[in-house]
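Trainee:
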Amino acid sequence: MSSIVAIVIEGPSARREELEEAAYALGVQGLEIVDEDVGAPRGRVVVRLWVPSGDARRAERRLRSALSSVSIVIEEVAPMTSAPRHVPLGRGFVVVTDAGEPGARWRARTALHLAGSEAFGDGAHPTTALCVAAIERWPARALRRASVLDVGTGTGVLAIVCALRGASRVIATDVDPLARRAAREAVRRHGLGDRVIVRAGMPRERFPIVVANLYRDVLIAEARGLAARVAPGGRLVISGFAASSSREITGAFATHGLRVVARSRRGGWGCQELTRDPAP
Ligand SMILES: C[S@@+](CC[C@H](N)C(=O)[O-])C[C@H]1O[C@@H](n2cnc3c(N)ncnc32)[C@H](O)[C@@H]1O
Numbered sequence: 035m036s037s038i039v040a041i042v043i044e045g046p047s048a049r050r051e052e053l054e055e056a057a058y059a060l061g062v063q064g065l066e067i068v069d070e071d072v073g074a075p076r077g078r079v080v081v082r083l084w085v086p087s088g089d090a091r092r093a094e095r096r097l098r099s100a101l102s103s104v105s106i107v108i109e110e111v112a113p114m115t116s117a118p119r120h121v122p123l124g125r126g127f128v129v130v131t132d133a134g135e136p137g138a139r140w141r142a143r144t145a146l147h148l149a150g151s152e153a154f155g156d157g158a159h160p161t162t163a164l165c166v167a168a169i170e171r172w173p174a175r176a177l178r179r180a181s182v183l184d185v186g187t188g189t190g191v192l193a194i195v196c197a198l199r200g201a202s203r204v205i206a207t208d209v210d211p212l213a214r215r216a217a218r219e220a221v222r223r224h225g226l227g228d229r230v231i232v233r234a235g236m237p238r239e240r241f242p243i244v245v246a247n248l249y250r251d252v253l254i255a256e257a258r259g260l261a262a263r264v265a266p267g268g269r270l271v272i273s274g275f276a277a278s279s280s281r282e283i284t285g286a287f288a289t290h291g292l293r294v295v296a297r298s299r300r301g302g303w304g305c306q307e308l309t310r311d312p313a314p
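So this is what it looks like as structure tokens:
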């Protein structure tokens, strides 16, 4: 059986997104990103990914042809440390992939414990990171005491991030019973049971904030229902679609009265923030 090795890329912080995109283009599911807030040298970023040792040289060659003037090193890793224990998420969170507490290096970030579930949403996927980045761009007052709807909650990661950033109430939905079980467990583990409700179906009310990291086809099929949940002046954050589908997604939501106010992309995935303008 092939062992696992780490490929470590180091470059200037300003090139972080380019480094991440090149790493995700190899098809890896998760990266460890260390910036200067959590121990990288000043002005530098370190991106670490894990591949089977038999694929390492090919992966290294692909990285070298995609990225100029960065350091790329292959490191042996002991079997027990072959997967990342800490996955930084957005600017303020770190997903801890075991039951332990994060070490000193990560203390400036809020720990999220989402381990041990089969549900989607361990924080390592670019679409989750894009949604968290959008949520973190809002001023603190935008979420404080707000009601939030998280559609397709998976492990509950986005619902938990919203609650930890001050939302007074979060309704988190998922069609998958395994995901609902994982989300309830994570909500309980973070002591948020009084503020985050996990359920199967969509509520009828409108929300000032809706987040929905779904899949392209689901977003298009559910555009009407999702748009109907956004209050006038409210925000909808969507991801889970390829960046190349962005125009099609914009069109699907425009039909139901939503306008794009921000777009972002990472590793070939897209994210949009939309609003429903208040009636004149
Ligand atoms: C891409 S995962 C996102 C998980 C998590 N929110 C995150 O950002 O990492 C999408 C989730 O949506 C759920 N899902 C798919 N279709 C859905 C629908 N129509 N309504 C609610 N949830 C849905 C899936 O079961 C899955 O857990």
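So in my numbering, the last spot in the sequence shown is 314, and the numbers never skip.
Don't be surprised by glycine CBs; every beta carbon is placed ideally from N, CA and C.
Just so it is clear, the structure is predicted and the values come from calculations on it, not from any experiment.
#1: From Arg300, Asp311 and Arg215, pick the residue whose C-alpha is nearest to that of His290; which is it?
#2: Closer than 7 Å to a non-hydrogen atom of ligand 1 - does that hold for the CB of Thr161?
#3: Pro237 to Arg199, Cα distance in whole Å?
#4: Please check the pair Phe241 and Gly268, which I expect to be a contact at CB under 8 Å, by giving their CB distance rounded to whole angstroms.
#5: Taking 8 Å as the threshold (C-beta atoms), are Thr189 and Ala217 in contact?
#6: Please classify Glu307 as buried or exposed, where buried requires at least 16 neighbouring CB atoms within 10 angstroms.
#7: Measure the Cβ-Cβ separation of Ile194 and Ala167 and say whether it is below 8 Å.
#8: Pop quiz: Ile272 and Ala246 are said to be a contact at Cβ under 8 Å. What is the actual Cβ separation, rounded to whole angstroms?
#9: Look up His224 in the DSSP assignment and give the residues it is bridged to.
#10: Are Gly274 and Leu260 closer than 8 Å when you measure CB to CB?
#11: What span of residues does the beta strand (DSSP E) with Val245 cover, start to end?
#12: Report the residue from Val104, Val68, Arg92 and Pro75 whose alpha carbon sits nearest the alpha carbon of Val81.
#13: On the criterion of 16 or more Cβ atoms from any shown chain inside 10 Å, does Ala180 qualify as buried, or is it exposed?
#14: Give me the DSSP bridge partner(s) of Ile108.
#15: Who are Trp84's beta bridge partners in DSSP?
#16: Select from Arg50, Gly61 and Leu248 the residue whose C-alpha is nearest the C-alpha of Ile283.
#17: For Pro211, which of helix, strand or coil comes out of DSSP?
#18: Can you give me the start and stop residues for the beta strand (DSSP E) that Pro122 sits inside?
Mentor: Taking the coordinates as given:
#1: Per the Cα distances, Asp311.
#2: The beta carbon of Thr161 sits closer than 7 Å to at least one heavy atom of ligand 1.
#3: Pro237 and Arg199: Cα-Cα distance of roughly 22 Å.
#4: In this structure Phe241 touches Gly268 by the C-beta definition: roughly 6 Å separates them, less than 8 Å.
#5: Yes, these two residues count as a Cβ contact at 8 Å.
#6: When all chains shown are included, Glu307 counts as buried.
#7: No; because the gap between Cβ atoms is not below 8 Å, this pair is not in contact.
#8: With a Cβ gap of about 5 Å, Ile272 and Ala246 count as contacting.
#9: DSSP output for His224 lists no bridge partner at all.
#10: Contact check for Gly274 against Leu260 fails: the beta carbons are separated by 8 Å or more.
#11: Val245 -> beta strand (DSSP E) spans Phe241 to Asn247.
#12: Selection Val104, Val68, Arg92 and Pro75 evaluated against Val81 yields Val68 as nearest (Cα-Cα).
#13: Ala180 is buried by the Cβ-count criterion.
#14: BP columns for Ile108 point to Ile41.
#15: Here Trp84 is bridged, per DSSP, to Ala40.
#16: The shortest C-alpha to C-alpha distance from Ile283 to any of Arg50, Gly61 and Leu248 is the one to Leu248.
#17: Correct three-state label for Pro211: helix.
#18: From DSSP, the beta strand (DSSP E) with Pro122 extends over His120 to Leu123.
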